[in-house]
Amino acid sequence: MKPYAPLFVLLCALLLAAAPGVLPPFYVRVGQITLYSAALGTAWAIPGGFAGYGSFGNAAFIGVGAFAAGLTENQFASLSPPLALLLGLGAGAAACAILSAAIAYPILRLRGTFFAIAMLGVSHVCSELNNNVDALQGSLGLNFPAVTMANLAPEAFFYELYLIAGLAVLCVAWLIQRSRFGAGLLAIREDEDTARMLGVPTERYKRIAFFVSAVLTGLLGVIYAHSLGYITTDSVYRDDTNLNLVVFSLLGGMGTLFGPAIGAFLLVFVTQVVLGRLLDFHLFATGLLLVILVLAAPSGILGFVRTRTRRRSAMAPAE
Amino acid sequence: MIQQTLADGLVLGGIYALSAVGFSLIFGVLHVINLSHGILVLIGAYLALTFSRMLQIDPLLTVPLVMAVLFVIGYAYQRFLIQYAVDRSRLGSMLLTFGVALMLQNIMIWVFSPDMKNITPSYAFVSFHIAGLTFDAVRVSALAASLVLLGCLAALLKYSPLGRVIRATAQQTLAARLCGVNVRHVYALTFAVSAAFAGAAGIVIGIILPFSPADESMWTLNAFVVVVLGGIGSPAGALIGGLLLGLASTLTAQYIGPAFPNVTMFMLLVLMLLVRPNGLLGNAFSASR
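Going down the list, the sequences are from chains A and B.
Under the numbering used here, the first residue of the first sequence carries the number 151, and numbering increases by one thereafter.
Under the numbering used here, the first residue of the second sequence carries the number 1115, and numbering increases by one thereafter.
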């Protein structure tokens, strides 16, 4: 991490925070999706990029968080909006904490592809149960109370909320990356068995990373549900979210701090703005992008840039 | 009642097994998770629909034709696209196949429309009774075709020179290369064989179930579950896994609720991954890595 990076991030954040004042509502909405995706991608990358445990099922936490929040808030309908949101965030985080703690031990014994697909299984099981157990109201849908402030347009309010959440997630990821814990995760990614032999508490580290990522994803899910206002199972447990989280890291740079955010910005920009009018062409273009990406820049944009600069300056700043 | 459910489950299981065997072979030999497998299955179904209408023949008679077309497609697909990603990373090849799946799904929507289609053979509504159980002619012929094709593949792998080379490459790629095996060619041939069997599975599926371009992920996931249950890289493993999955889903639909087969399926998947990641008939070369 270079010394000017925090300043740069702060500057970007300030610019982004001012954006809803000048942009038309459509672009504020695109900005919301971008920030949401960037935050989700960064949360995914804590176990996924740092430790090499890429999950294909993080939508499980989005859904569980959102539904836990909605069901709790509907129990206490008389609360004032900010309190309701706080309550929802608490409930969502708690539900994700319980779920991730419960499945962490068995599921983290799997590695690589098997872990990824098992997580996809978890996501589908949660989704189906949520849809078919009547008390959870998955197929009926849940309404969320309006939590926006009177003096701020709803899209701008959620935009700023996502921005704050995104910065918080980035901050957590940064703190993890520079800590002893983050170094341990990196060791797990490089060679788990050797790391364990050398005294890295791999099991505990993996579980903590998984847990942190799940709770952050759940919190983002709660905000997402509020910004939609009404959710069904299909709107939160989405397989395209499951996939996109992997693509963000791959696009930006696997295992880097800013990679997922950069990837999310690019992908959302391409799919929402450039291809927004070509709905028939959407799947094809996304697929083509993936193919080109895997063949041309397998280590992502940051990786691509880094190899270029390294070749030029011959000094290798190891991350 | 229970006998009828079990019989239905076995019929369904045979079809699951055929639809998964290609996926299993690619996984076992190339170590690539082919997320475009479901698309290959659907291409088979659409080709059978087109051919049987064009030539006015029974859909099951189009099997050789469809398999030949998919063999060529599979060979080219592996040789000119996937091969470039195989050497780099596991995730890369998986995402590549996913990208291709998205593109082909979109093309299929353009060409065949997103509507549900089905192939209706002339004997679609015939059924007969054995020992008090009802069997549809369609399902029985589908099951018979599945078992015959699985048998053919098993024989091909066991006795033919191609099968021997494929098995050798799967067990020890380096040693096979040292013995003069052209590994890239074998990879492409394996992929071609897998694609051909996926296409054949598509025909069988098309006869008994309606299908649409959006189904592809379902067939890919089914294949994955079957492979994890049964074991990677062998027709016998696929058969066991398929039958288990078929039984589990019909039993769940019958006794727990029609909405829950997928829950059981994924619970079985997760459980199996935890207890025995090699599958019931897993071999050493397919260890979880």
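Positions of the beta carbon are idealized from the N, C-alpha and C atoms, including for glycine.
**Request:** If I'm right that residue 1230/B touches residue 438/A with Cβ under 8 angstroms, what's the distance once you round it to whole angstroms?
**Result:** Between residue 438/A and residue 1230/B the Cβ distance is about 27 angstroms, and since that is not below 8 angstroms, they are no contact.
**Message:** Please report the distance separating the alpha-carbon of residue 313/A from that of residue 1375/B.
**Reply:** Spanning the two alpha carbons is a distance of roughly 40 angstroms.
**Prompt:** Counting contacts by CB-CB distance shorter than 9 angstroms, is residue 454/A in contact with chain B?
**Reply:** No, its Cβ sits nowhere closer than 9 angstroms to a Cβ of chain B.
**Asked** Should residue 257/A be flagged as near chain B, meaning a C-beta pair shorter than 9 angstroms?
**Response** Judged by the 9 angstroms Cβ criterion, residue 257/A is in contact with chain B.
**Asked** Can you name the residues of chain A whose CB is closer than 9 angstroms to the CB of residue 1374/B?
**Response** Within chain A, the residues placing a beta-carbon under 9 angstroms from that of residue 1374/B are 278, 279 and 282, ordered along the chain.
**Item:** Element boundaries [beta strand (DSSP E), containing residue 1145/B]
**Value:** Careful: residue 1145/B lies outside any beta strand (DSSP E) and carries neither H nor E.
**Request:** Leaving out five residues on either side along the sequence, give the residues of the same chain with a beta carbon under 8 angstroms from the beta carbon of residue 1329/B.
**Result:** Same-chain partners within the cutoff: 1152 and 1156.
**Prompt:** residue 436/A versus chain B: which residues are under 7 angstroms apart at the beta carbon?
**Reply:** By Cβ distance, chain B contributes 1216.
**Asked** Does residue 326/A come within less than 9 angstroms of chain D when only Cβ atoms are used?
**Response** The structure shown contains no chain D; the protein chains it does contain are A and B.
**Asked** Which word fits residue 1357/B, buried or exposed, when buried means at least 16 other C-beta atoms lie within 10 angstroms of its C-beta?
**Response** In this structure residue 1357/B is buried. Its beta-carbon is surrounded by 16 or more other beta-carbon atoms within 10 angstroms.
**Segment limits, beta strand (DSSP E) that includes residue 1248/B** = Start and end: 1247 to 1250.
**Prompt:** Do residue 1130/B and residue 1262/B have their C-beta atoms closer together than 9 angstroms?
**Reply:** Contact flag unset, no.
**Prompt:** Hey, quick one: how far does the alpha helix (DSSP H) through residue 158/A stretch, first residue to last?
**Reply:** Per DSSP, the continuous alpha helix (DSSP H) segment holding residue 158/A begins and ends at 155 to 172.
**Prompt:** When we look at the beta-carbon of residue 1194/B and count the other beta-carbons within 10 Å, is it buried (16 or more) or exposed?
**Reply:** Result: exposed.
**Prompt:** Applying a beta-carbon distance threshold of less than 7 angstroms, which residues of chain A neighbour residue 1377/B?
**Reply:** For residue 1377/B, the chain A residues whose Cβ falls inside 7 angstroms of its Cβ are 275, 278 and 279, in order along the chain.
**Residue of 1331/B, 1377/B, 1366/B and 1365/B minimising C-alpha distance to residue 1133/B** = Closest by alpha carbon: 1331/B.
**Prompt:** Quick one: any contact between the region 408 to 416 of chain A and the region 386 to 399 of chain A, if contact means 3 or more CB pairs under 8 angstroms?
**Reply:** The region 408 to 416 of chain A is in contact with the region 386 to 399 of chain A.
**Request:** Flag residue 272/A as yes if its beta-carbon sits less than 9 angstroms from any beta-carbon of chain B, otherwise no.
**Result:** The C-beta of residue 272/A comes closer than 9 angstroms to at least one C-beta of chain B.
**Prompt:** Among 294/A, 407/A and 177/A, which has the Cα closest to the Cα of residue 418/A?
**Reply:** The shortest Cα separation from residue 418/A among 294/A, 407/A and 177/A belongs to 177/A.
**Asked** Among the residues of its own chain, which have a CB less than 8 angstroms from the CB of residue 272/A, if the five just before and after it don't count?
**Response** Cβ neighbours of residue 272/A beyond the five flanking positions: 207, 210, 253 and 257.
**Request:** Report the rounded CA-to-CA distance for residue 1338/B versus residue 1138/B, giving the unit in angstroms.
**Result:** Each residue's CA atom was taken as its position, placing residue 1338/B and residue 1138/B some 8 angstroms apart.
**Asked** Thinking C-alpha only, which one of 1243/B, 1308/B and 1252/B is nearest residue 1270/B?
**Response** The candidate whose alpha carbon is nearest that of residue 1270/B is 1308/B.
**Request:** State the DSSP-derived secondary structure class of residue 1325/B, mapped to helix, strand or coil.
**Result:** Strand.
**Contact with chain B by residue 400/A, beta-carbon distance below 9 angstroms** = Yes, residue 400/A lies at the interface with chain B (some Cβ there is under 9 angstroms from its Cβ).
**Message:** Output needed in chain order: residues of the region 347 to 380 of chain A with a Cβ under 8 angstroms from some Cβ in chain B.
**Reply:** Going along the region 347 to 380 of chain A in chain order, one finds no residue with a Cβ nearer than 8 angstroms to chain B.
**Asked** Whole-angstrom Cβ separation of residue 1378/B and residue 1352/B, contact assumed at under 8 angstroms?
**Response** Taking 8 angstroms as the upper bound for CB-CB distance, residue 1378/B and residue 1352/B are not in contact here, some 19 angstroms apart.
**Message:** Using 9 angstroms as the threshold, is the C-beta distance between residue 279/A and residue 286/A below it?
**Reply:** Residue 279/A is a Cβ neighbour of residue 286/A, given a cutoff of 9 angstroms.
**Message:** Using 9 angstroms as the threshold, is the C-beta distance between residue 1188/B and residue 1149/B below it?
**Reply:** Cβ atoms of residue 1188/B and residue 1149/B: not closer than 9 angstroms.
**Request:** Please state if the CB of residue 1323/B and the CB of residue 1383/B are separated by a distance shorter than 9 angstroms.
**Result:** No, the pair does not count as a contact, with Cβ atoms beyond the cut-off.
**Message:** When you compare the CB of residue 431/A with every CB in chain B, is at least one pair closer than 9 angstroms?
**Reply:** True, the Cβ-Cβ gap to chain B drops below 9 angstroms.
**Prompt:** Taking only beta-carbon atoms, is residue 345/A less than 9 angstroms away from chain B?
**Reply:** Not an interface residue.
**Request:** Please compile the residues from chain B whose C-beta is within a distance smaller than 8 angstroms of the C-beta of residue 440/A.
**Result:** Those are 1209, 1210, 1212, 1213 and 1216, listed as they occur along chain B.
**Request:** Give the straight-line distance between the Cα atoms of residue 1141/B and residue 1348/B, rounded to the nearest whole angstrom.
**Result:** A straight line joining the alpha-carbon of residue 1141/B with that of residue 1348/B spans about 10 angstroms.
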